[in-house]
Amino acid sequence: MSERLPCQTLGCKASILPATALKTGGICMPCHQKKLALEEKAYIEQNRKDVDLYAGVNDPVEILKIMHKPRKYNPLEHEITYQKTAQELYHQLNESDRERLETYAIALMEEDDFGQAETILLSLACFSSARIERGLEVFFRKGKYYPGILYKEASQDIRDKLIHQLEYNSANRNHLLLALAWIGDEEVVRQFETWRQHPPQWASELNTSPESYSHEAGWELDTGGRKKLLYYPESYPLKVCAEGESGMNRAHSAVVVLQSSEYSCPWCGSKLTVLFDYNLQHPLIQYMKLSGQRLRIAACMHCNCYGTVFMKVDLDGGYSWSEYNVVPDFLPENKDIEELSWRAMQLSEQQMGTYEHAFWTLEAPATQIGGHPAWIQDAEYPVCPCCSVTMKFIAQIDMEQVEFSEGIYYIYLCEACLIVAVNYQQT
Ligand SMILES: [Zn+2]
Ligand SMILES: [Zn+2]
Ligand SMILES: [Zn+2]
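Residue 15 in my numbering sits at position 4 of the sequence shown; the count goes up by one each step and never skips.
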């Protein structure tokens, strides 16, 4: 048996074989590896260069192409981020810019590069409300049906082909139904109602009824078979206030977000939070057609992560814990609850597109009133516990935007019963 030597690193108690000592210069393998890692880190820090991929590029279309292009990670390069987000750039495109981008996405799809093409088509559809007819035709021809939101304004011809495919294309049935839900025109509504009354044979292969796919596109059939929207088309974003600006103009704002409540949560004992405080008299809020003074929507930020919580409200700012609430199977212990604090937010009076945040993975900050919800998981409209009607989505708070956290709180209202609901989703 050969003799073992002590590792030469100060404070290391390991002993090593002479052969190892020869290879490493007298230190043990873990110490040697640590040394190499430190050397590599120092090398990278000394040699890393800033790379500006946008230098000299002024055309927003070219800038977006660079942004969307996937790149290999190179530790020796530090990419300078562009001063505007993709969302901001899409807002600024004109008609011919949008057409050029669509043409570019088509070229990518012809080469079967769908990742980038999908991002471009989704951004055009959500951020700029553009019709993407030419792009969609190629997408459809290539046998792609997801994300369904791309089919939002599909032609009658594509719609009829989708309906026809449902009969035999069982592998894509889920996506075909989602695409149809997004089209949601008179013919689709009629078709969904027919399926509700006479479920087709293939419906037994689904996990849910064909007509319930409409929730993913924000509508459902009412009892008479008509289309009922589950959100308001009008939508306004909330933006994080710049430093020093916090609270400015709040008194005149249509909506104030995230204030602490005077009440405590009966489940965990922590203070409730008023997520949204609506001034119902404000001109901007008139699209809700609520005849009152004030609507306050409170929630327990902790318990609400574990299930839907209902509140009884009036239209004068009053609210109270609903008798319909059922304690979830799991709740946090009061002692584990951290104090939360937020960045101040301000409602923008600039109306935005209905579907601006409808596709969550585009990663735009998504706090808003009205508009289509940004589902992280499947659509989850609660049923009013009092009248059993699906509740309407009215607002959402994106926690990544207001706090160094994650997930989205979704707010709903049953106008007839004056009950609000809050639920939460995360990745
Ligand atoms: Zn050592
Ligand atoms: Zn609670
Ligand atoms: Zn109700």
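Quick reminder that beta carbons are idealized off the backbone N, C-alpha and C, glycines included.
Heavy atom of ligand 1 within 6 Å of Ala377 beta-carbon: no
Rounded Cβ spacing between Asn241 and Tyr392 (contact assumed at less than 8 Å): A small fix is needed here, since residue 241 is Leu in this sequence, not Asn. Confirmed, Cβ separation roughly 5 Å.
Limits of the unbroken beta strand (DSSP E) element including Tyr420: Ile419 to Cys425
Same chain, Cβ closer than 6 Å to Tyr101, neighbours up to 5 away in sequence not counted: Ser134, Phe138 and Ser139
Run of the alpha helix (DSSP H) containing Asn180, from where it starts to where it stops: It is not in any alpha helix (DSSP H) - Asn180 carries neither H nor E in the DSSP assignment.
Outcome for Ile38 when other beta-carbon atoms lying within 10 angstroms are tallied against a minimum of 16: buried
The alpha helix (DSSP H) enclosing Tyr101, as first and last residue numbers: Ala97 to His102
Which residues DSSP lists as bridging Thr284, in chain order: Ser271 and Ala310
Separation of Arg201 from Glu231, as counted between CA atoms: 12 Å
Stretch pair the segment 306-319 + the segment 275-287: three plus CB contacts closer than 8 Å: yes
Span of the alpha helix (DSSP H) around Met78: Pro71 to His79
Ala25 beta carbon near ligand 1 (any heavy atom closer than 6 Å): yes
Ala253 beta carbon less than 7 Å from that of His293: no
7 Å Cβ cutoff met for Ala192 and Tyr224: yes
Cross-strand partners of Ile380 (DSSP beta bridge): Tyr247 and Ala406
Pairwise C-alpha distance: Leu47 and Glu14: 26 Å
Sub-7 Å separation of Val251 and Met322 beta-carbons: no
For ligand 2, residues whose Cβ lies under 5 Å from any non-hydrogen atom: Cys276, Trp278, Cys279, Cys311, His313 and Cys314
Close Cβ partners of Trp332 (< 7 Å) along its chain, the five nearest in sequence each way excluded: Pro277 and Met322
Sequence-distant residues of its chain with Cβ nearer than 7 Å to Leu407 (five each side left out): According to the sequence displayed, residue 407 carries Gln and not Leu. Answer for Gln407: Ala377, Thr378, Gln379, Pro384, Ala385, Ile419, Tyr420, Tyr421 and Ile422, listed in chain order.
Under 7 Å between C-beta atoms of Gln436 and Ile387: yes
Euclidean distance between Cα positions of Glu426 and Lys163: 28 Å
Per-residue DSSP class, three states only, for Lys153: coil
Neighbourhood of Val149 by C-beta, 6 Å cutoff - its chain only, sequence neighbours within 5 removed: Ile117 and Met120
Any 3 or more C-beta pairs closer than 8 Å across the segment 58-72 and the segment 23-43: no
Beta-carbon gap between Glu414 and Trp353 smaller than 7 Å: yes
Cys18 CB to nearest heavy atom of ligand 1 below 6 Å: yes
Interface flag, Leu187 vs chain C, CB-CB below 7 Å: The structure shown contains no chain C, having only a single protein chain.
Residues proximal to ligand 3 by C-beta, any heavy atom closer than 6 Å: Cys395, Cys397, Cys398, Val400, Cys425, Ala427, Cys428 and Ile430
Nearest to Arg207 (by Cα), restricted to the options Ala369, Ser271 and Arg237: Arg237
Alpha-carbon spacing of Cys18 relative to Glu51, whole angstroms: 22 Å
Identity of the residue in Glu245, Phe203, Leu286 and Ser246 nearest Thr234 by Cα: Phe203
Whole-angstrom distance between Asn85 and Leu16, CA atom to CA atom: 39 Å
Alpha carbon of Tyr247 to alpha carbon of Asp409, nearest angstrom: 14 Å
Spatially closest choice to Thr365 from Glu245, Lys95, Glu122 and Val62, by CA coordinates: Glu245
Trp371, DSSP secondary structure in three states: helix
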